[in-house]
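Residue numbers (the working numbering), protein chains in the order written: chain P, 3 to 152; chain R, 3 to 152; chain Y, 3 to 152. Positions of the beta carbon are idealized from the N, C-alpha and C atoms, including for glycine. Notes for the one structure printed next.
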Amino acid sequence: MSLELLSLNNPVFKSYTFWSGVLVLKMLAMAMLTAMQRFKTKTFANPEDLMSPKLKVKFDDPNVERVRRAHRNDLENILPFFIIGLLYTLTNPSAFLAINLFRAVGIARVAHTLVYAVVVVPQPARALAFFVALLATVYMALQVVLAAAF
Amino acid sequence: MSLELLSLNNPVFKSYTFWSGVLVLKMLAMAMLTAMQRFKTKTFANPEDLMSPKLKVKFDDPNVERVRRAHRNDLENILPFFIIGLLYTLTNPSAFLAINLFRAVGIARVAHTLVYAVVVVPQPARALAFFVALLATVYMALQVVLAAAF
Amino acid sequence: MSLELLSLNNPVFKSYTFWSGVLVLKMLAMAMLTAMQRFKTKTFANPEDLMSPKLKVKFDDPNVERVRRAHRNDLENILPFFIIGLLYTLTNPSAFLAINLFRAVGIARVAHTLVYAVVVVPQPARALAFFVALLATVYMALQVVLAAAF
Numbered sequence: 003m004s005l006e007l008l009s010l011n012n013p014v015f016k017s018y019t020f021w022s023g024v025l026v027l028k029m030l031a032m033a034m035l036t037a038m039q040r041f042k043t044k045t046f047a048n049p050e051d052l053m054s055p056k057l058k059v060k061f062d063d064p065n066v067e068r069v070r071r072a073h074r075n076d077l078e079n080i081l082p083f084f085i086i087g088l089l090y091t092l093t094n095p096s097a098f099l100a101i102n103l104f105r106a107v108g109i110a111r112v113a114h115t116l117v118y119a120v121v122v123v124p125q126p127a128r129a130l131a132f133f134v135a136l137l138a139t140v141y142m143a144l145q146v147v148l149a150a151a152f
Numbered sequence: 003m004s005l006e007l008l009s010l011n012n013p014v015f016k017s018y019t020f021w022s023g024v025l026v027l028k029m030l031a032m033a034m035l036t037a038m039q040r041f042k043t044k045t046f047a048n049p050e051d052l053m054s055p056k057l058k059v060k061f062d063d064p065n066v067e068r069v070r071r072a073h074r075n076d077l078e079n080i081l082p083f084f085i086i087g088l089l090y091t092l093t094n095p096s097a098f099l100a101i102n103l104f105r106a107v108g109i110a111r112v113a114h115t116l117v118y119a120v121v122v123v124p125q126p127a128r129a130l131a132f133f134v135a136l137l138a139t140v141y142m143a144l145q146v147v148l149a150a151a152f
Numbered sequence: 003m004s005l006e007l008l009s010l011n012n013p014v015f016k017s018y019t020f021w022s023g024v025l026v027l028k029m030l031a032m033a034m035l036t037a038m039q040r041f042k043t044k045t046f047a048n049p050e051d052l053m054s055p056k057l058k059v060k061f062d063d064p065n066v067e068r069v070r071r072a073h074r075n076d077l078e079n080i081l082p083f084f085i086i087g088l089l090y091t092l093t094n095p096s097a098f099l100a101i102n103l104f105r106a107v108g109i110a111r112v113a114h115t116l117v118y119a120v121v122v123v124p125q126p127a128r129a130l131a132f133f134v135a136l137l138a139t140v141y142m143a144l145q146v147v148l149a150a151a152f
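Listed below in structure tokens is the structure:
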């Protein structure tokens with residue numbers, strides 16, 4: 003059973019694997035986005051990172067902090083999705099529903115980063131992206147708890 | 003073997019799945035708790051989030067920061083539990099011990115949030131909740147390393 | 003198939019399990035490192051944590067903040083590795099390559115902590131450790147996405 007559930011022959015697991023891979027790459031790209039902003043604004047948090055003796059450590063550049071907030075929001079939302087998506091896959095859900103939930107989380111979280119940290123788009127763009135992914139994750143978590151509770 | 007280990011027919015995996023689902027829901031609830039504090043204290047971190055032109059971005063409200071510290075503590079402790087609990091399940095541990103370890107982590111981390119971010123309870127309440135979950139996770143991690151080391 | 007892939011008889015899974023266990027222990031040790039710095043510098047973030055009525059909450063001690071930055075960097079890089087390493091294992095990769103990638107991530111992330119938060123070593127020590135682990139994780143994530151995309 004779980005043999006087949008965690009195989010790429012299972013379309014649910016295949017979709018979960020695809021979107022998890024995409025979201026891991028997206029999250030790791032945040033480090034590059036932060037580094038770009040740090041060099042552009044010469045904002046470094048550690049003395050050993052300072053490029054020139056004239057620079058001082060700085061913690062309050064708004065461009066750096068914006069990327070860092072977007073990154074932290076990823077930690078808070080994408081990382082729990084990784085585990086709950088895997089456990090949801092192991093409950094053997096409807097393929098149609100599961101694939102669309104994974105797709106919703108994947109697309110919404112990419113959109114969240116774009117409107118938060120790449121091009122700032124007025125609200126409710128970010129709130130919408132945030133809630134689509136959150137609600138899909140909450141639904142999966144409820145299904146997982148129900149499947150394991152009885 | 004791992005077929006059966008990751009099936010809800012395995013009481014260890016069932017318990018792991020249940021508590022992981024509960025803790026994912028608990029973590030996602032932190033976002034709502036933060037949002038409530040942000041609106042109550044009118045503390046917003048992004049210019050595009052400001053509800054009125056009279057407001058300014060603010061980063062130092064103690065109520066918002068308290069919830070954020072509790073949330074970050076979740077990231078630091080619950081997210082590693084998710085992976086180590088799964089790997090520990092795959093080592094085929096004693097059901098009695100494993101189920102009680104998962105229960106200890108689940109209950110201790112819910113208690114940690116309650117005494118940290120919902121009703122502030124004097125120490126050592128938070129320290130106790132923190133260490134119960136930490137020690138259970140460390141024990142599982144040691145078992146996992148030992149099982150894989152030889 | 004996935005039966006055997008998630009068994010400790012699979013040398014790839016065994017290596018993944020070993021290094022994941024080591025990195026979970028390393029991450030949990032960051033909490034102890036932070037606590038040590040907090041007590042040494044008497045820097046506490048919550049009123050209920052203050053040991054004496056003369057102390058005030060403090061958020062800007064450079065030693066505490068350094069450990070916290072190292073810890074956050076772990077969250078950003080090690081936690082995504084946990085899920086992508088598992089999914090990469092499930093793609094049934096070459097054992098030689100996979101085991102060396104896991105080893106690279108494990109050793110590089112331990113080194114990252116040592117040169118960042120234990121003994122501060124001038125750059126590019128930390129950058130090197132960071133990029134070795136990052137590139138190995140990106141490679142695995144690309145393989146996972148490719149395996150699931152077609």
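- Item | Within chain Y, partners of residue 95 of chain R - CB distance below 9 Å | Position 93 of the second sequence holds residue 95 of chain R. Within 9 Å Cβ-Cβ: nothing; residue 95 of chain R doesn't reach chain Y, min ~13 Å.
- Inter-residue Cα distance where the pair is residue 13 of chain Y and residue 92 of chain Y: Indexing the third sequence from 1 puts residue 13 of chain Y at position 11. Indexing the third sequence from 1 puts residue 92 of chain Y at position 90. Rounded to whole angstroms, residue 13 of chain Y to residue 92 of chain Y spans 12 Å at the Cα level.
- Option nearest residue 24 of chain P by Cα separation, candidates P/106, P/70 and P/40: Along the first sequence, one-based indexing puts residue 24 of chain P at 22. Closest option to residue 24 of chain P, Cα to Cα, is P/106.
- Task: Under 7 Å Cβ to Cβ from residue 66 of chain R, same chain only, skipping five residues before and after it: list those, please.
- Result: One-based indexing of the second sequence puts residue 66 of chain R at position 64. Taken in chain order, the residues that qualify are 36, 39, 40, 43 and 45.
- Query: Out of curiosity, what's the CA-to-CA distance linking residue 139 of chain R and residue 7 of chain P?
  - Reply: For this step, residue 139 of chain R is matched to residue 137 along the second sequence. For this step, residue 7 of chain P is matched to residue 5 along the first sequence. Residue 139 of chain R and residue 7 of chain P have their C-alpha atoms some 27 Å from each other.
- Taking only beta-carbon positions, decide if residue 101 of chain P is within less than 8 Å of chain R. As a working note, residue 101 of chain P is residue 99 in the first sequence. Residue 101 of chain P does not count as touching chain R.
- Item | Contacting residues, own chain, Cβ-Cβ under 8 Å from residue 48 of chain Y (five flanking each side not counted) | Mapped onto the third sequence, residue 48 of chain Y falls at position 46. Closer than 8 Å at the Cβ level, and outside the excluded window around residue 48 of chain Y, lie 59.
- Item | Interface residues of the region 17 to 31 of chain Y facing chain R [CB-CB below 8 Å] | So the list reads 17, 19, 20, 22, 23, 24, 26, 27, 29 and 30, given in the order they occur along the chain.
- Message: For residue 128 of chain R, tell me which candidate among Y/51, Y/16 and Y/150 has the shortest Cα-Cα distance.
- Response: Along the second sequence, one-based indexing puts residue 128 of chain R at 126. Checking every option, the nearest Cα to that of residue 128 of chain R belongs to Y/51.
- With residue 22 of chain Y and residue 101 of chain Y assumed to form a contact (beta carbons below 8 Å), what rounded beta-carbon distance in angstroms separates them? In the third sequence, the residue the question calls residue 22 of chain Y occupies position 20. In the third sequence, the residue the question calls residue 101 of chain Y occupies position 99. Going by Cβ atoms, the distance from residue 22 of chain Y to residue 101 of chain Y rounds to 13 Å, so no, they are not a contact pair.
- Query: Cα separation between residue 20 of chain R and residue 126 of chain Y?
  - Reply: Locating residue 20 of chain R in the second sequence gives position 18, counting from the first residue. Locating residue 126 of chain Y in the third sequence gives position 124, counting from the first residue. The alpha-carbon atoms of residue 20 of chain R and residue 126 of chain Y are separated by roughly 44 Å.
- Query: In three-state terms, what does DSSP make of residue 147 of chain P?
  - Reply: Taking the first sequence and counting its residues from 1, one reaches residue 147 of chain P at position 145. Correct three-state label for residue 147 of chain P: helix.
- Query: Which term fits residue 83 of chain P, buried or exposed, when burial requires 16 or more other beta carbons within 10 angstroms of its beta carbon?
  - Reply: For the purposes of this step, residue 83 of chain P is identified with residue 81 of the first sequence, where counting begins at 1. Buried: at least 16 other Cβ atoms inside 10 Å.
- residue 51 of chain R CB to nearest chain P CB: under 8 Å? On the second sequence, residue 51 of chain R is found 49 positions in, with the first residue counted as 1. With respect to chain P, the C-beta atom of residue 51 of chain R has a partner C-beta closer than 8 Å.
- Message: Checking 8 Å against the spacing of the C-beta atoms, do residue 149 of chain R and residue 134 of chain R come in under that value?
- Response: Position 147 of the second sequence, counting from 1, holds the residue named residue 149 of chain R. Position 132 of the second sequence, counting from 1, holds the residue named residue 134 of chain R. Taking 8 Å as the Cβ cut-off, residue 149 of chain R and residue 134 of chain R do not qualify as a contacting pair.
- Task: Report yes if the C-beta distance between residue 69 of chain R and residue 131 of chain R is below 8 Å; otherwise report no.
- Result: Here residue 69 of chain R refers to the residue found at position 67 when the second sequence is read from its first residue. Here residue 131 of chain R refers to the residue found at position 129 when the second sequence is read from its first residue. Not closer than 8 Å, so no.
- Message: Counting only beta-carbon separations shorter than 8 Å, does residue 131 of chain Y have a partner in chain P?
- Response: The count along the third sequence starts at 1 and reaches residue 131 of chain Y at position 129. Cβ-Cβ to chain P under 8 Å: no for residue 131 of chain Y.
- Query: Closer than 9 Å, Cβ to any Cβ of chain R: which residues of the region 74 to 87 of chain P, in chain order?
  - Reply: Listed in sequence order: 74, 75, 77, 78, 79, 81, 82, 83, 84, 85 and 86.
- Task: Please classify residue 1 of chain P: does DSSP put it in a helix, a strand, or coil?
- Result: The structure shown has nothing for residue 1 of chain P, since chain P only spans 3 to 152.
- chain C within 8 Å of residue 89 of chain P, Cβ atoms only: Judged by its chain identifiers, the structure shown contains no chain C, and its protein chains are P, R and Y.
- Which residue from P/15, P/9, P/113 and P/117 puts its Cα closest to that of residue 95 of chain P? As a working note, residue 95 of chain P is residue 93 in the first sequence. For the residues P/15, P/9, P/113 and P/117, the minimum Cα distance to residue 95 of chain P belongs to P/15.
- Query: How about residue 33 of chain R: is its C-beta nearer than 8 Å to some C-beta of chain P?
  - Reply: What you label residue 33 of chain R is simply residue 31 of the second sequence in a count that begins at 1. Yes, contact with chain P.
- How big is the Cα-Cα spacing for residue 2 of chain Y and residue 146 of chain Y? Any question about residue 2 of chain Y goes unanswered here, given that chain Y covers just 3 to 152.
- Just curious, the alpha helix (DSSP H) that residue 90 of chain P is in, first and last residue? Taking the first residue of the first sequence as 1, we reach residue 90 of chain P at position 88. Where residue 90 of chain P is concerned, the enclosing alpha helix (DSSP H) stretches over 64 to 92.
- Do you know offhand how far residue 76 of chain Y's Cα is from residue 55 of chain Y's? Residue numbering aside, residue 76 of chain Y sits at position 74 when the third sequence is read from its first letter. Residue numbering aside, residue 55 of chain Y sits at position 53 when the third sequence is read from its first letter. Straight-line Cα distance between these residues: approximately 34 Å.
- Item | Exposure label - residue 26 of chain P; buried when at least 16 CB within 10 Å | Along the first sequence, one-based indexing puts residue 26 of chain P at 24. Burial call: buried.
- Message: Can you confirm whether residue 139 of chain Y, when its beta carbon is compared against all beta carbons of chain P, has any partner nearer than 8 Å?
- Response: Counting from 1 along the third sequence, the entry for residue 139 of chain Y is found at position 137. Interface residue, yes.
- Message: For the alpha helix (DSSP H) containing residue 34 of chain R, name the first residue and the last one.
- Response: For this step, residue 34 of chain R is matched to residue 32 along the second sequence. It spans 13 to 43 - the alpha helix (DSSP H) in which residue 34 of chain R sits, taken as one unbroken run.
- Message: Under 8 Å, Cβ to Cβ, is there at least one residue of chain R near residue 143 of chain Y?
- Response: Against the third sequence, residue 143 of chain Y aligns to sequence position 141. It does not: the Cβ of residue 143 of chain Y has no partner Cβ on chain R nearer than 8 Å.
- Query: In this structure, does DSSP put residue 142 of chain Y in helix, strand or coil?
  - Reply: Indexing the third sequence from 1 puts residue 142 of chain Y at position 140. Helix, per DSSP.
- Message: Can you tell me whether residue 49 of chain Y is helix, strand or coil according to DSSP?
- Response: By 1-based counting over the third sequence, the position of residue 49 of chain Y is 47. The answer is helix: DSSP assigns residue 49 of chain Y an H, G or I state.
- Would you mind telling me which residues of chain R sit closer than 7 Å to residue 156 of chain Y, beta carbon to beta carbon, in chain order? As shown, chain Y starts at 3 and ends at 152. That puts residue 156 of chain Y outside it, with no answer to give.
- CB contact below 8 Å: residue 13 of chain P versus chain R: For the purposes of this step, residue 13 of chain P is taken as residue 11 along the first sequence, with counting starting at 1. Chain R, which has no Cβ nearer than 8 Å to the Cβ of residue 13 of chain P, makes this no.
- Message: Can you give me the C-alpha to C-alpha distance between residue 99 of chain R and residue 85 of chain R, rounded to a whole angstrom?
- Response: Against the second sequence, residue 99 of chain R aligns to sequence position 97. Against the second sequence, residue 85 of chain R aligns to sequence position 83. Each residue's alpha carbon lies about 18 Å from the other.
- Check distances from the C-beta atoms of the region 106 to 124 of chain P to those of chain R and list, in chain order, the residues that come in under 7 Å. 122 and 124
- Task: Give the interface partners of residue 70 of chain P over in chain R, defined as CB-CB distance under 8 Å, in chain order.
- Result: By one-based count along the first sequence, residue 70 of chain P stands at place 68. Under the 8 Å cutoff, chain R gives no residues; its nearest Cβ is about 10 Å from residue 70 of chain P.
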